[in-house]
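>
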Amino acid sequence: MRDFYDIVVVGGGHSGVEAAFSAHKFGLSVALVSKSKKSLGRMSCNPSIGGLAKSRVVREVDALGGVLPRAADMSATQYRVLNRRKGPAVQSTRAQCDRKKYELSVQKILDENSNVAIIEGSASELIIEDGKIVGVVLSSGERIGAEAVVLATGTFLGGKIFIGDVEYPGGRIDENAETGLSESLKKMGLKILRFKTGTPPRIDGRTINYDNVRIQPGEEDYVPFSFDTMRKIPVDEQVPCYITYTTERTHRIIEKNLLKSALYGGKIVGIGPRYCPSIEVKVEKFPHHPRHIVFLEPEGIDTDEFYPNGVSNSLPEEVQLEMLRSIPGLEDVEMTKPGYAVEYDVVEPTQVLPTLELRDYKKIFLAGQILGTSGYEEAAGLGLLAGTNAALSVLGKDMITLPRYASYTGVMVDDLVFRGAD
Ligand SMILES: Cc1cc2nc3c(=O)[nH]c(=O)nc-3n(C[C@H](O)[C@H](O)[C@H](O)COP(=O)(O)OP(=O)(O)OC[C@H]3O[C@@H](n4cnc5c(N)ncnc54)[C@H](O)[C@@H]3O)c2cc1C
Numbered sequence: 007m008r009d010f011y012d013i014v015v016v017g018g019g020h021s022g023v024e025a026a027f028s029a030h031k032f033g034l035s036v037a038l039v040s041k042s043k044k045s046l047g048r049m050s051c052n053p054s055i056g057g058l059a060k061s062r063v064v065r066e067v068d069a070l071g072g073v074l075p076r077a078a079d080m081s082a083t084q085y086r087v088l089n090r091r092k093g094p095a096v097q098s099t100r101a102q103c104d105r106k107k108y109e110l111s112v113q114k115i116l117d118e119n120s121n122v123a124i125i126e127g128s129a130s131e132l133i134i135e136d137g138k139i140v141g142v143v144l145s146s147g148e149r150i151g152a153e154a155v156v157l158a159t160g161t162f163l164g165g166k167i168f169i170g171d172v173e174y175p176g177g178r179i180d181e182n183a184e185t186g187l188s189e190s191l192k193k194m195g196l197k198i199l200r201f202k203t204g205t206p207p208r209i210d211g212r213t214i215n216y217d218n219v220r221i222q223p224g225e226e227d228y229v230p231f232s233f234d235t236m237r238k239i240p241v242d243e244q245v246p247c248y249i250t251y252t253t254e255r256t257h258r259i260i261e262k263n264l265l266k267s268a269l270y271g272g273k274i275v276g277i278g279p280r281y282c283p284s285i286e287v288k289v290e291k292f293p294h295h296p297r298h299i300v301f302l303e304p305e306g307i308d309t310d311e312f313y314p315n316g317v318s319n320s321l322p323e324e325v326q327l328e329m330l331r332s333i334p335g336l337e338d339v340e341m342t343k344p345g346y347a348v349e350y351d352v353v354e355p356t357q358v359l360p361t362l363e364l365r366d367y368k369k370i371f372l373a374g375q376i377l378g379t380s381g382y383e384e385a386a387g388l389g390l391l392a393g394t395n396a397a398l399s400v401l402g403k404d405m406i407t408l409p410r411y412a413s414y415t416g417v418m419v420d421d422l423v424f425r426g427a428d
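See below:
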């Protein structure tokens with residue numbers, strides 16, 4: 007490990023990877039600090055890329071040479087075009103991906119196409135001298151000098167996991183939270199918010215009763231996410247998803263146990279990004295809906311695990327199982343992992359400029375969920391912009407902005423930096 011890089015990116019999730027990859031193209035030395043190489047590009051939640059609006063951002067990331075669209079195509083197991091019956095302006099591609107293969111694809115693209123130095127460790131502090139960023143300190147005590155830093159720490163800063171009344175520090179299931187960096191940001195005078203998000207339980211596909219669910223096959227007529235992808239997957243090689251619905255019994259179980267949910271029992275104070283409402287919220291806010299759709303999505307080719315999209319929750323484990331078993335097709339289901347909610351620190355996003363540089367600290371850029379967004383695609387779009395501008399700032403060149411009228415990523419940035427996320 008060198009003791010100085012032009013740019014240090016902290017966090018190897020979807021935003022950090024794009025930031026490092028885009029910055030290295032300028033011929034600068036770039037280090038990506040990640041807790042482990044194996045977790046680079048990890049999908050925290052659903053094993054899929056794209057969907058409404060998100061697929062636009064994916065196409066923009068591809069047009070700008072990013073990693074995510076290629077990794078999505080390399081790991082896709084199924085493609086569908088949403089809104090096919092509506093006009094082309096609102097049609098969106100969505101790919102189901104093999105979770106493991108997705109992260110391996112990200113690592114392969116980085117390995118084979120860049121000289122980004124991967125430093126395994128946790129950044130615990132930013133080094134600021136005379137109001138200027140000069141590097142980061144790792145929790146091991148090592149110092150890495152940098153001319154510019156991109157922070158892409160996702161849901162890990164001050165992360166706390168909730169499953170019913172069980173709570174413990176964590177940034178993602180089985181991964182530790184980060185505490186030092188939040189303190190460093192607070193000392194710099196930045197306003198920090200608490201946000202929350204959640205994920206559904208995972209289930210064993212061998213215990214699904216396939217007679218009671220509807221199959222949702224893939225489609226032939228789609229355009230891959232990346233211009234680099236030459237081969238489309240024939241329908242008979244694609245892996246199907248399945249559709250089922252919650253029932254009135256499901257809703258009664260949730261209502262009866264609402265106060266045991268971390269979300270409703272008052273344990274979680276954070277607000278949520280405007281996406282992925284939990285099943286508790288859907289049942290409470292839409293009491294007139296007799297059922298909610300649940301997509302059963304395979305986690306990959308070499309695993310029996312499924313992701314039941316639509317039942318994200320923070321109920322106690324035993325209630326989660328009871329709730330799942332009230333859904334047709336899941337009468338005898340076994341849960342492989344419980345769903346959970348995670349609460350984490352967010353840097354209030356109006357503190358950054360449209361270039362994603364902090365207003366009050368030059369050459370510190372923020373990207374991804376740390377800015378209050380949610381989603382792999384959103385994180386990738388922001389990471390690409392932050393990495394590009396970090397490089398341009400080091401080179402002393404004009405930074406770029408993505409105008410609202412010209413790109414979906416630009417709309418997202420504009421909303422974040424001028425309207426905030428709360
Ligand atoms: C429980 C849960 C449910 C979600 N549900 C959905 C959903 O349904 N749909 C959706 O689109 N999105 C969902 N998301 C959000 C999506 O996963 C994130 O928006 C996306 O992964 C954000 O990318 P990121 O790069 O900002 O952060 P992350 O993907 O979280 O990556 C951050 C990386 O930074 C590393 N890191 C953090 N701090 C440090 C440090 N100090 N030093 C070194 N490394 C560090 C972490 O180890 C991690 O590798 C969910 C996330 C979670 C956790």
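Counting from 7, one number per residue, gives the positions in the sequence shown under this note's numbering.
Virtual Cβ for every residue (Gly too), placed ideally from N, Cα, C.
#1: I need the straight-line Cα distance from residue 316 to residue 136, nearest angstrom please.
#2: Could you tell me which whole beta strand (DSSP E) segments of length 3 or greater appear in the segment 180-260?
#3: Tell me which same chain residues have a C-beta within less than 6 Å of the C-beta of residue 109, skipping the five on either side of it?
#4: Between residue 117 and residue 23, what straight-line distance do the alpha-carbon atoms span, to the nearest angstrom?
#5: Among the residues of its own chain, which have a CB less than 8 Å from the CB of residue 76, if the five just before and after it don't count?
#6: Quickly, what does DSSP pair residue 86 with across the bridge? List them, please.
#7: Tell me which residue opens and which closes the alpha helix (DSSP H) that residue 49 is part of.
#8: Say whether the segment 200-212 touches the segment 345-354, bearing in mind that this needs 3 or more beta-carbon pairs closer than 8 Å, one atom from each stretch.
#9: Relative to the alpha-carbon of residue 353, which residue among 81, 160, 128 has its alpha-carbon at the smallest distance?
#10: Alpha carbons only, please: which of 322, 309, 34, 284 is nearest the one belonging to residue 263?
#11: Near residue 255, which residues of its chain fall below 8 Å by C-beta distance, leaving aside the five closest residues on each side in sequence?
#12: Nearest CA to the CA of residue 242: which residue from 250, 225, 248?
#13: Where does residue 411 land, buried or exposed, given buried means 16+ other C-beta within 10 angstroms?
#14: Given a cut-off of 8 Å on the beta-carbon distance, is the pair residue 45 and residue 103 in contact?
#15: Sorry if obvious, but does the Cβ on residue 81 come closer than 7 Å to a heavy atom of ligand 1?
#16: In whole angstroms, give me the CA-to-CA distance for residue 180 and residue 266.
#17: At the level of alpha carbons, what is the spacing between residue 257 and residue 269?
#18: By the DSSP assignment, the beta strand (DSSP E) with residue 162 in it spans what residues?
#19: Any idea what DSSP makes of residue 414, helix, strand or coil?
#20: Just confirm the distance between the C-beta atoms of residue 250 and residue 219, as a whole number of angstroms; I'd bet it's less than 8 Å.
#21: Under the criterion of a Cβ to heavy atom distance below 7 Å, does residue 204 qualify as lining ligand 3?
#22: Opposite residue 323 in the DSSP bridges: which residues?
#23: Can you name the start and end residues of the beta strand (DSSP E) that residue 347 belongs to?
#24: Taking residue 79 as part of the beta strand (DSSP E), name the residues at either end of that continuous run.
#25: Can you look up residue 383 in the DSSP assignment and give me helix, strand or coil?
#26: Could you tell me how far apart the beta carbons of residue 122 and residue 38 are, in whole angstroms, since I believe they sit closer than 8 Å?
#27: Are there any heavy atoms of ligand 1 lying less than 7 Å away from the beta-carbon of residue 52, as far as the coordinates show?
#28: Using 8 Å as the threshold, is the C-beta distance between residue 299 and residue 260 below it?
#29: Apart from the five residues just before and just after residue 406, which ones in its own chain have a Cβ nearer than 8 Å to its Cβ?
#30: Please classify residue 294 as buried or exposed, where buried requires at least 16 neighbouring CB atoms within 10 angstroms.
#31: Under three-state DSSP, which class holds residue 21?
#32: Taking 8 Å as the CB-CB cut-off, is residue 118 touching chain B?
#33: Taking 8 Å as the cut-off, does the segment 139-155 touch the segment 88-108 (at least 3 CB pairs, one atom from each stretch)?
#34: Compare the C-alpha of residue 183 against each of 370, 167, 81 and name the closest.
#35: Would you check if the distance between the CB atom of residue 190 and the CB atom of residue 132 is smaller than 8 Å?
#36: Rounding to the nearest angstrom, what Cα-Cα distance links residue 11 and residue 296 in this structure?
Considering the structure as presented:
#1: Roughly 49 Å between the two C-alpha positions.
#2: The segment 180-260 contains these whole beta strand (DSSP E) runs: 198-205, 208-210, 220-222, 247-251.
#3: Excluding residues within five positions, the ones whose Cβ falls inside 6 Å are 47, 48.
#4: Taking the CA atoms as reference points, residue 117 sits about 11 Å from residue 23.
#5: So the qualifying residues of the chain are 68, 111, 115, 231, 232, 234, 235.
#6: The partner list for residue 86 (beta bridge, DSSP) reads 100.
#7: Where residue 49 is concerned, there is no enclosing alpha helix (DSSP H), given that its DSSP letter is neither H nor E.
#8: Contact between the segment 200-212 and the segment 345-354 is present, because at least three Cβ pairs lie under 8 Å.
#9: Ranking 81, 160, 128 by Cα distance to residue 353 puts 160 first.
#10: If we check each option's Cα against that of residue 263, 322 comes out closest.
#11: The answer, listed in chain order, is 332.
#12: Cα-wise, what sits closest to residue 242 is 225.
#13: It counts as exposed.
#14: Contact: no.
#15: The answer is no for residue 81.
#16: If you take the alpha carbons of residue 180 and residue 266, they lie about 22 Å apart.
#17: Looking at the two C-alpha atoms, the distance is approximately 16 Å.
#18: Annotation for residue 162: no beta strand (DSSP E) segment contains it, and DSSP assigns it neither H nor E.
#19: Helix.
#20: Going by Cβ atoms, the distance from residue 250 to residue 219 rounds to 5 Å, so yes, they are a contact pair.
#21: Because ligand 3 does not appear in the structure shown, any question about it cannot be addressed here, the ligands present being ligand 1.
#22: Beta-bridge partners of residue 323 (DSSP): none assigned.
#23: DSSP places residue 347 inside the beta strand (DSSP E), whose first and last residues are 346-353.
#24: Unbroken run through residue 79 is the alpha helix (DSSP H), 74-81; no beta strand (DSSP E).
#25: Three-state DSSP puts residue 383 in a helix.
#26: Residue 122 to residue 38, Cβ: 5 Å. Contact.
#27: The answer is yes for residue 52.
#28: Not in contact: residue 299 and residue 260 (Cβ atoms no closer than 8 Å).
#29: Residues 361, 391, 394, 395, 398 of the same chain have their beta carbon placed closer than 8 Å to that of residue 406, with the five preceding and five following residues left out of the count.
#30: So residue 294 counts as exposed.
#31: In this structure, residue 21 counts as helix in the three-state DSSP scheme.
#32: Given the protein chain composition of this structure (a single chain), no chain B is represented.
#33: Contact between the segment 88-108 and the segment 139-155 is absent: fewer than three C-beta pairs spanning the two stretches fall below 8 Å.
#34: Residue 167 is the option with its Cα nearest to residue 183.
#35: Taking a C-beta distance under 8 Å as the contact criterion, residue 190 and residue 132 qualify as a contact pair.
#36: When rounded, the distance between both Cα atoms is 56 Å.
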